[in-house]
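Visitor: The listed protein sequences correspond, in order, to chains H and L.
Quick note, the first sequence lines up with residues 1 to 163 if you use full-length UniProt numbering.
Quick note, the second sequence lines up with residues 1 to 1022 if you use full-length UniProt numbering.
Dropping a structure here in structure tokens format, bear with me for questions.
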Amino acid sequence: MIRGVIIMNDQGKPRLVKFYEFQPVEKQQELIRSIYKILCSRADNVSNFVKVDSLFGPDVRLVYKTFATLYFVFIFDNSENELAMLDLMQVFVETLDKCFSNVCELDIVFNFNKVHTILDEIILGGQVLETSSSEVMKAVDEISKLERSGNSIIPSIPGWQGR
Amino acid sequence: MALSGMRGLSVFISDIRNCQNKEQERLRVDKELGKIRTRFKNEKGLTPYEKKKYVWKMLYIYMLGYDVDFGHMEAVSLISAPKYPEKQVGYIVTSSLLNENHDFLRLAINTVRNDIIGRNETFQCLALTLVGNIGGREFAESLAPDVQKLLISSSCRPLVRKKAALCLLRLYRKNPDVVNVDGWSDRMAQLLDERDLGVLTSSMSLLVALVSNNHEAYWSCLPKCVKILERLARNQDVPQEYTYYGIPSPWLQVKTMRALQYFPTIEDPNTRRSLFEVLQRILMGTDVVKNVNKNNASHAVLFEALALVMHLDAEKEMMSQCVALLGKFIAVREPNIRYLGLENMTRMLMVTDVQDIIKRHQAQIITSLKDPDISIRRRALDLLYGMCDVSNAKDIVEELLQYLSSADFAMREELSLKAAILAEKFAPDLSWYVDVILQLIDKAGDFVSDDIWFRVVQFVTNNEDLQPYAALKAREYLDKPAIHETMVKVSAYILGEYSHLLARRPGCSPKEIFNVIHEKLPTVSTSTIPILLSTYAKILMHTQPPDQELQKQIWAIFSKYESCIDAEIQQRAVEYQALSMKGAALMDVLAEMPKFPERQSSLLRKAEDAEADTAEQSAIKLRAQQQTSSALVLTDQRPANGSPSVSQLGPVKVPNMSNVNQSPAEQELTHANGALTVVDPQPPSTSSPDLLGDLLGPLAIEGPAGTAPQSDPRVASGLEGGANGEALAIAPIEEQNNTVQPIGDIAERFHALCLKDSGVLYEDPYIQIGIKADWRAHHGRVVLFLGNKNTAPLISVQALILPPAHLKMELSLVPETIPPRAQVQCPLEVINLQPSRDLAVLDFSYKFGTHVVNVKLRLPAVLNKFLQPISVSAEEFFPQWRSLSGPPLKLQEVVRGVRPMPLAEMANLFNSLQLMVCPGLDPNTNNLVASTTFYSERTRAMLCLIRIETDPADRTQLRMTIASGDPTLTFELKEFIKEHLISIPIPSRAPAPMPAPMPPQARPTSPPTASLDPGALLAGLL
């Protein structure tokens, strides 16, 4: 199963943290720091895999990918296929890209709630829920509509929207 | 794109972003938390919108790493909000902040259930997501039927059903009983007919979870999985949105192949053929292309196909095709594929017999050790380690050594450990092994653990031929200008023991050796000084004729350290000083260290322990066990200094006896715990004040050594030390898995079988192992009866005989599976080579369902099985008795602490041990005379005579005299009889009331435990 999904920037600041096995907040921070340390030391053009047994126990590994200023990290155990995880990450990023049309770090910072919604349509309980980015988009659009209809009083925020 | 923006939230986030440092951020967060807390306290004026905003802020703060210990109730209460936006926030934040055992979740259970069974699909989705993410046991019990209904409902949208599938998976993990196997297996098979690929992907994940626990119930799903793979492979009926970079849903392909790996085989030939066609197509049709994402996706499928081929144990031809593919992969530019190529090669090495084909890629794998990516370098190291055997050990180990100087620091420890293990396991000759280890210490001393140099000392001590060579090498290293402290330790130790063997070489006079070692003293830490002091004492002892000047110098050093603040150093200095004044007595005390008992390397054990418990990895273990270590084979088993000298036996024996008496308590302790744990007889080395004990302690980890090996060759196997046998009788490898409790007392069964030839050796709820033996002279034919007590087969059955050096044992093939209710007979041939009390051990394991059981059982191929009672007349007895005059052929000992018993009972005991009591030979009625014939290949038939003189006033002591034509036999027989007289081998005699079992760490680490270690014992004598 997938143990967790982390998005952090190249300074190590978490932008999205979702663990599928409960971790107390201190532990989460410690894990984020350790992962950041590992990722910083990785050169360009190396593989996307790192074994992280020391942090998460035997046979747990992570895949990561850098997109501009962001690290995307999936942590998972040996019941998952490494490359399939990398593919799923790509689906996640492509979906974010469609949602925010050319996603950048700021989109994720200010819309972290939205990112949660998107992730929940892709991974559920540590399992792959949906792999088709267009299906995910459909579900997210539906949710957005519902939110708007129930939220007519919410003012729009120019400048942050539509990024 | 529109977003559900909240001004307050956005403002807060930008405030945080504008903070200059962590302190400012904390202040801002605290301010916000204070505000939220106040607003929540007075809920009256709080609009749902505000509540939602605050709850999001809490999640943001939580993500930043601050503990949010309030407001959980507010988050949970939003779940029951009537409107979607609030409800959604409630669900999302609750599933991120709370864990499954949180009390508040229980409060929400009803709302969640109402949302699931209600008609609103969007609410259903929210509820299913929460339960799928954090649902616990209670949710499982109350919600599983509703979730199942949603999953199979034809009126639900796929969006809901795929969530229901994963939600059910979570509930099943929390409580497997919620899925009724009989009712669900057909439903599951129907679900696999689903056309929607989203629902199918989720259902496949569910199937993987179900079959991993119980594949039997889901056989009907197997052909359907193959159908799905065919559909995807032919790209039939795959909608565009599920085609990822031109590949029909790689995830579903991967998951389906994963599910198939949980079925042990595919019996139906048609299904098997169809599957192999698909696999063949995947293996052949995948190429490395330019687009990285496409590459990743196609290779995800390809690697899963490889794993499935390995699992299905395809024909050799397909396997070699796989290896060829992997060989191609490890050389490609794409680092991910190189990484997985190496990893899968390692996996392949363990499950199948393709090592020779893999060896062809050795050069490329060695190149991968220099890959820019450390992840890949690690995989290469693992693979080299796995593929190493006698044929390529020299090349691989030398590569590793060479690589060591340039390797990253993060890898050096692992590298040196692996190099040391390979050198030990596959050494073509021992001098090469010594070379490797010394080079290791020289190049990477900081990363060489103590275990590694202890082990080399052990080998050198046990192999006389090696000693001059090792001493010479050690001497050479000391000439280097700067050497690592570990090198100082090991060379000082070796030169202390063996430098006299070099005496005639230039630069190797005692004085020169002393000087070169003493030069290092100012540079070493306090843990090394005691070793140096011992070395000085030994040099002094070996200097014949005495060199006055050297003696003065060394005495001066001793007296300097007599007031050292370190107790260990001080004690040694004082003792060596006093001893060295005694002249000749020094010779005895500082004699060469005796041989170490032969035992499994603690390094190998460490390596094995480090390997987790997966099927593949237990395959490595097995392979490691099957490959006999040439290093160990080379080891000579003869006693080090000829026959044991009696004077040394005295003091050594005493602690051993106290140990014998103590062992039932220890044994009780083990059993009282209920679990099958091994009580480690070693004192924790950190608390041991004795440095030699420290040096030798870790070496002794594998087995308690009863006494000093010199006086007690029986510990040579190192697997079982008589008195402590009970504690070790079952030594599970994976203790956490080993929850199967044996029926009956294993030790009791063993002792019973020592006195009779058939009976039950071991029994648990699944298996019974019986034994029937027939002993003739020095031959034995033992039949093991392995009986499966169940209606399901026992699988992965493995029986391995760990014979002691004096027994030649051959076990016929043990089948891997024992059919239900069947009994399998496995003959075991035994030949006794020479007298010894070492025990053979049967390492037995099997799998039943999820239980992996591994037990180590002592086999009753004990000394008395090779005895045949013989009655002798007075005319025959006395001339023999007189001709065997004195040690080592005739040994006498006063035994104390004897279990009191009347003479008649003792006579019975002797007869049951095949020692025939000959009444009337001894005029004194308090005495007992017995005779027997011992058979072994070396001694042939050998007459043994025994005389016991008891004291009617004190039945706890007696004098025992044993005579035979072979010194080892005399000694072994004496010890053997003694064991039966003092110990209480039959636990049915209730042991004295036991004190409440103490936790093992509470046990004193004092003499009785320490005395198990020969090193500590000897050190105690020094």
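Where a beta carbon is used, it is the ideal one built from N, C-alpha and C, also for glycine.
(1) Using the Cα positions of F329 of chain L and A363 of chain L, report the straight-line distance between them to the nearest angstrom.
(2) Can you find the residues in the same chain that come closer than 8 Å, C-beta to C-beta, to E121 of chain L, ignoring five residues on each side of it along the sequence?
(3) Answer with yes or no whether the minimum CB distance from W251 of chain L to chain H is below 8 Å.
(4) Can the beta-carbon of L130 of chain L be found closer than 8 Å to that of V147 of chain L?
(5) Tell me, which residues are paired with M318 of chain L by DSSP?
(6) Check each residue of the region 290-316 of chain L: if its Cβ is closer than 7 Å to any Cβ of chain H, include it; give the result in chain order.
(7) CB-CB under 6 Å to F19 of chain H, same chain, minus the five flanking residues each way: which ones, in chain order?
(8) Look at Y766 of chain L and L794 of chain L and say whether their C-beta atoms are less than 8 Å apart.
(9) Determine the closest residue to M85 of chain H out of H:D10, H:E105 and H:V63, with distance taken between C-alpha atoms.
(10) Counting only the same chain and skipping the five closest in sequence on each side, list residues whose C-beta sits under 7 Å from that of L889 of chain L.
(11) Rounded to a whole number of angstroms, what is the C-alpha to C-alpha distance between P919 of chain L and H779 of chain L?
(12) Counting only Cβ pairs nearer than 7 Å, list the residues of chain L close to K27 of chain H.
(13) L415 of chain L and Y403 of chain L - do their beta-carbons sit closer together than 8 Å?
(14) For the region 848-856 of chain L and the region 828-835 of chain L, state whether three or more C-beta atom pairs, one from each stretch, are separated by less than 8 Å.
(15) Quick one: what's got a C-beta closer than 6 Å to A665 of chain L's C-beta in the same chain, skipping five residues either side?
(16) Can you tell me which of the three DSSP states residue 1023 of chain L falls into?
(17) Locate the alpha helix (DSSP H) running through V457 of chain L, then write down its first and last residues.
(18) Using only CA atoms, which one of L:A108, L:N101 and L:E100 lies nearest to G90 of chain L?
(19) Between which two residues does the beta strand (DSSP E) carrying R61 of chain H extend?
(20) Any beta-carbon of chain H closer than 8 Å to the one on L369 of chain L?
(21) Thinking T933 of chain L and L981 of chain L are a contact (beta carbons under 8 Å), I'd like their distance in whole angstroms, please.
(22) At 9 Å on the CB atoms, spell out the chain H contacts of G198 of chain L, in chain order.
(23) Note down, in chain order, all residues in the region 74-94 of chain H with a beta-carbon under 8 Å from any beta-carbon belonging to chain L.
(24) Please list, in chain order, the residues of the region 144-162 of chain L that have any C-beta partner in chain H closer than 7 Å.
(25) Could you tell me which residues DSSP pairs with W775 of chain L in its beta bridges?
(26) Run through chain L and tell me which residues come within less than 7 Å of G12 of chain H, C-beta to C-beta.
(27) Measuring CA to CA, which of H:V46, H:F76, H:S47 and H:A68 is closest to L55 of chain H?
(28) Since I61 of chain L and E32 of chain L should fall inside the 8 Å C-beta cutoff, what is the C-beta to C-beta distance between them, to a whole number of angstroms?
(29) Do L401 of chain L and A380 of chain L have their CB atoms nearer than 8 Å?
(30) Where in the region 373-433 of chain L do unbroken runs of the alpha helix (DSSP H), each at least 4 residues long, occur, reported from the N-terminal end onward?
(31) Output, in chain order, the set of chain L residues within a Cβ distance shorter than 8 Å of A43 of chain H.
(32) Can you give, in chain order, each stretch of the alpha helix (DSSP H) that sits fully within the region 486-560 of chain L and has at least 4 residues?
(33) Just to confirm, is the Cβ distance from T346 of chain L to D382 of chain L under 8 Å?
(34) Who does R759 of chain L pair with in a DSSP beta bridge?
(35) Just to confirm the assignment, what range does the beta strand (DSSP E) spanning T817 of chain L have?
(36) Using a cut-off of 8 Å between C-beta atoms, extract the partners of V797 of chain L located in chain H.
Guide: A quick look at the data gives this:
(1) 14 Å
(2) C156, R157, L159 and V160
(3) yes
(4) no
(5) Per DSSP, none; premise fails for M318 of chain L.
(6) N293, N296, A297, H299, A300, F303 and E304
(7) G4
(8) yes
(9) H:V63
(10) A963, S964, G965, P967 and T970
(11) 30 Å
(12) What K27 of chain H touches in chain L: nothing, since even the nearest Cβ is about 10 Å away.
(13) yes
(14) no
(15) Unreliable positioning characterises A665 of chain L in this predicted model, as indicated by a pLDDT of 39, which lies under 50. A coordinate reading is not provided.
(16) Outside the displayed span of chain L (1 to 1022) sits residue 1023 of chain L, for which this structure offers no information.
(17) D450 to N462
(18) L:A108
(19) R61 to F67
(20) no
(21) At roughly 21 Å, the Cβ-Cβ gap does not stay under 8 Å, so T933 of chain L and L981 of chain L are not in contact.
(22) L129, E130, T131, S132 and E135
(23) N78, S79, N81, E82, L83, A84, L86, D87, L88, Q90 and V91
(24) L159 and K162
(25) L:G780
(26) The premise fails here: G12 of chain H is roughly 11 Å from chain L at the closest Cβ pair, so nothing lies under 7 Å.
(27) H:F76
(28) 7 Å
(29) no
(30) 374-387, 393-404 and 409-426
(31) P372 and D373
(32) 510-518 and 529-542
(33) yes
(34) Before going on, a small fix: residue 759 of chain L reads as Gly here, not Arg. In the DSSP output, where bridge partners are listed per residue, G759 of chain L has L:I771.
(35) Counting along the chain, T817 of chain L falls outside any beta strand (DSSP E), and DSSP gives it neither H nor E.
(36) Here the premise fails: no neighbours, minimum Cβ distance about 25 Å.
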